[in-house]
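J.:
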Amino acid sequence: MVNMLIMGKPGAGKGTLASKLLEHYRLAHISTGNIYREEIAKGSAIGQEAQKYISQGELVPDDMTNGIVYDILKNHPMPHGFMLDGYPRTKAQAIALDEMLHTLSIKLDVVINMDVDDELLMIRMADRRVCPKCGATYNVTTKPPKTAGVCDVCGTLLIQRADDSEESVKNRLRIYNRATRPLLGYYEKTDLLMTVDGALPTLTVFYEIVSKLDGINRGHH
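Here the sequence shown is numbered in this note's numbering, starting from 38 and rising by one per residue.
(1) Short of 8 Å in beta carbon distance, which residues of its chain neighbour H258, apart from the five on each side in sequence? Order them along the chain.
(2) Could you check the C-alpha separation between M115 and L138 for me, to the nearest Å?
(3) What number of angstroms, rounded off, separates the C-alpha of K46 from the C-alpha of L158?
(4) Where does D135 fall in DSSP's three states?
(5) Name the DSSP beta bridge partners of V147, please?
(6) Nearest to R166 by alpha carbon, out of L42, A199, N112 and K249?
(7) Beta-carbon within less than 6 Å of G220's beta-carbon, same chain only, minus the 5 sequence neighbours each way: which residues are those?
(8) For a test of the three-state rule: what should DSSP assign to A185, helix, strand or coil?
(9) Output the residue ranges of the alpha helix (DSSP H) runs that lie fully inside the region 148-212 and measure 4 residues or longer, sorted by chain position.
(10) Counting pairs of beta carbons, one from the region 203-223 and one from the region 89-107, are three or more of them closer than 8 Å?
(11) Three-state secondary structure (DSSP) at M115?
(12) Would you mind reading off the limits of the alpha helix (DSSP H) that contains T69?
(13) Considering just the uninterrupted stretch of the alpha helix (DSSP H) at T53, what are its terminal residues?
(14) Apart from the five residues on each side of it in sequence, which residues of its chain come closer than 6 Å, Cβ to Cβ, to G123?
(15) Looking at the strands, I want to know which residues DSSP matches up with T232.
(16) Grab me the residues of M162's own chain with a C-beta within less than 6 Å of its C-beta, minus the 5 sequence neighbours each way, in chain order.
(17) I'd like to know whether the C-beta atoms of G235 and M120 end up nearer to each other than 8 Å.
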């Protein structure tokens, strides 16, 4: 069983790595981004409120996000552990998370940080296309669909997410650097932080993490 937190700049390839780790360790996936996207699609009150911030590339207010995460940690069975993805994003959220975990007697095992150069991210994200129907992700340069502009999985026309435009990417990186840098410092002090090179192929990074985690787990027994 492993409880992990994965973080990285927008476009660092976190999604691909996360899905490999989720499958390997059979983790429950707690993605605040996915939760908000689902609520927005449903048109719920939470979704409408979140949309105001997300469409501007801003972070949703802490108390709203903290409440959602606490509810999941408290009420959802996670026999193999969990992966927190996209949360916490600020030091204040990290402190709130620590309090929640303490209250619920849950231990965090590792904080994975994907580090990638800003310039490389700008290129990656400008080329990113997603399927609005099934969520499959493509990159016109490095991972194009078989038929240009069409999803391999379900045949839907691909779109560029509004928050992948250059202006929005710059804004998201600015926000990330401002809000999330202090987070790294916070987790460095706890000895949980594992920084990996997001410019490397996903499989390379995946195997590096698994071997380190298996080493940590062996040390516990």
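All residues carry an ideal CB built from backbone N, CA and C; glycine is no exception. As the structure is a computational prediction, the values presented were derived from the model and not from experiment.
T.: On the basis of the supplied data:
(1) Within the sequence shown, numbered from 1, the residue matching residue 258 stands at position 221. Confidence at H258 is low in this model, with a pLDDT of 43, below 50, so the placement of that residue should be treated as unreliable; the coordinate-derived value is given next. There are no such residues.
(2) Taking the first residue of the sequence shown as position 1, residue 115 is located at position 78. Taking the first residue of the sequence shown as position 1, residue 138 is located at position 101. Roughly 14 Å separates the two Cα atoms.
(3) On the sequence shown, position 9 is the one that residue 46 refers to. On the sequence shown, position 121 is the one that residue 158 refers to. Rounded to whole angstroms, K46 to L158 spans 8 Å at the Cα level.
(4) Here residue 135 refers to the residue found at position 98 of the sequence shown. In the structure shown, the three-state DSSP call for D135 is helix.
(5) Walking along the sequence shown from the start, residue 147 turns up at place 110. V147 pairs with M41.
(6) Within the sequence shown, the letter at position 129 stands for residue 166. For the residues L42, A199, N112 and K249, the minimum Cα distance to R166 belongs to A199.
(7) Within the sequence shown, the letter at position 183 stands for residue 220. The question names Gly, yet the displayed sequence has Leu at residue 220. Within the same chain, L220 has close Cβ partners K128 and A131.
(8) Counting from 1 along the sequence shown, the entry for residue 185 is found at position 148. Reduced to three states, the DSSP call for A185 is coil.
(9) Runs found: 155-163.
(10) With the cut-off at 8 Å, the region 203-223 and the region 89-107 touch.
(11) Numbered from its first residue, the sequence shown carries residue 115 at position 78. Note: M115 maps to coil in three-state DSSP.
(12) By 1-based counting over the sequence shown, the position of residue 69 is 32. T69 to K79 is the span of the alpha helix (DSSP H), which, as asked, contains T69.
(13) Your numbering for residue 53 matches position 16 in the sequence shown. Element bounds for T53: K51 to Y62.
(14) Stepping through the sequence shown from its first residue, residue 123 is reached at position 86. Its chain contains S68, T69 and G70 as the residues whose beta carbon lies nearer than 6 Å to that of G123, once the 5 sequence neighbours on both sides are disregarded; these appear in chain order.
(15) Taking the sequence shown and counting its residues from 1, one reaches residue 232 at position 195. Partner(s): N150.
(16) Position 125 of the sequence shown, counting from 1, holds the residue named residue 162. Cβ neighbours of M162 beyond the five flanking positions: G48, D201 and V206.
(17) On the sequence shown, residue 235 is found 198 positions in, with the first residue counted as 1. On the sequence shown, residue 120 is found 83 positions in, with the first residue counted as 1. In this structure, M120 does not lie closer than 8 Å to G235 by Cβ.
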